[in-house]
Amino acid sequence: MLSDIIDLRAFYASTLGRLAERSIAMALSSVWASLPNERLVGLGYTLPWLERFGGDAERVFAFMPALQGAVNWPAGGPSATALVFDEELPLFDSSIDRILLVHALEHTENPRETLMEIWRVLAPGGRLVIVVPNRRGVWARFEHTPFGTGRPFSRTQLNNLLRDTNFTPGSWADALHFPPSRRRWMMRLHALLERTGRRLWPIFAGVIVVEAQKRLYQGVPVAARASRRVFVPVLSPQGATRAVREDART
C-alpha cells in the first residue's frame, strides 16, 4: 500500500508526525556531510527535511512519485516540485550532488532499478541519503503512520542492495525509538524514550538512515531497458475510440 500525498501531509501536520520529523532530522544531521552550493534533490516525501538541510544548496528540487501525488513547494516562491517516475528521472547524467530518499525506496516497483537510475544522475562522488522503515522496528507494524506501508528493510538488506548498485555505504544512523502511539501521555515521554532507545535498543528503531557514495571504479554494464509502465492520460476515457468505431460499423 502506498501512502498518498494527502495522508502524508496529514500525518506530518499531526503531533506524532512532528515528533517523527524531529527524530529523523536528528538522525540525518549525524550523517549529513557539508557540501556547499550543492544541487540537492529530494525523492519521495522529503519536504520537512529539504527545508532544514537545503538552506546552503545552490538548487533544491522535490521529486514526488506519480502514484503518490504532489503538492506545490515552496509556498513562498517558484515551484520546485515535479511528478516523476522513479526509474526515469528527468535529469541529465551526473547532474546532482546529493539525493535524499524518504517514503520512496520502500514503495518502488524495483528498488534496484531505482538506485541504478539515481546512480546515473549523481555526479562523481555524489551522495545518496536513504531513510527506510526498519524491518525489526515497531513502526513498520502499524499502518496509522506512513512507515507501516511498503517494504521495510533490514540493515543487511539495504547494505547489499547499495553495493549491488555501485554505491559504497558510509555512515549509518537510526531514529524513531519511541512507540508510534497517539496517546498524549506517551507522546510526552517521547524524548526520554528516544534517548533510552538509542542507547539500549537501537536494533528496534523505527527507521534506518544511511549515507552512501557513488562508486566509480566498478564497471557498469550498458543495457537498454524498456519501461514496464504504460502511462495513460487521466482524462482520456479508455475504450471510447473502439466503441465509436463499432457504432459506426453498425
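Going by our numbering, the first residue of the sequence shown is number 1, and it counts up by one from there. All C-beta atoms, glycine included, are put in the ideal place defined by N, C-alpha and C.
Straight across, the Cα-Cα distance linking leucine 105 with aspartate 86 is about 9 Å.
Rounded to the nearest angstrom, the gap between the Cα atoms of alanine 20 and valine 132 is 13 Å.
Its Cα nearest to that of leucine 100, the residue Phe53 stands out among Arg18, Phe53, Thr15, Pro180. Per DSSP, phenylalanine 63 is one residue of the beta strand (DSSP E) stretching across 59–65. Secondary structure at arginine 9: helix, using DSSP grouped into helix, strand and coil. The beta carbons of tryptophan 73 and leucine 91 sit no closer together than 8 Å. In the structure shown, threonine 81 adopts extended strand secondary structure according to DSSP, grouped into three states. A Cβ-Cβ separation of about 5 Å places alanine 212 in contact with leucine 128 under the 8 Å criterion.
Shortest Cα-Cα distance from glycine 17 to any of Arg155, Glu117, Ile208, Met187 involves Met187.
According to the DSSP assignment, alanine 191 belongs to the alpha helix (DSSP H) that extends over 190–200. If you draw a straight line from the Cα of glutamine 68 to the Cα of leucine 189, it is about 32 Å long. Sequence-distant partners of tryptophan 201 (beyond 5 residues in either direction) whose C-beta falls short of 8 Å from its own C-beta, in its chain, are His177. Under the three-state reduction of DSSP, glutamate 87 is assigned to coil, being neither helix nor strand. Under the three-state reduction of DSSP, proline 111 is assigned to helix. 8 Å or more divides the Cβ of tryptophan 49 from the Cβ of leucine 83. Proline 124 is classed as exposed because its beta carbon has fewer than 16 other beta carbons within 10 Å across all chains shown. Around the C-beta of arginine 39, 16 or more other C-beta atoms lie within 10 Å, and the residue is accordingly described as buried. Apart from sequence neighbours up to five positions away, the residues of its chain that approach proline 65 with a beta-carbon distance below 6 Å are Asp86, ordered along the chain.
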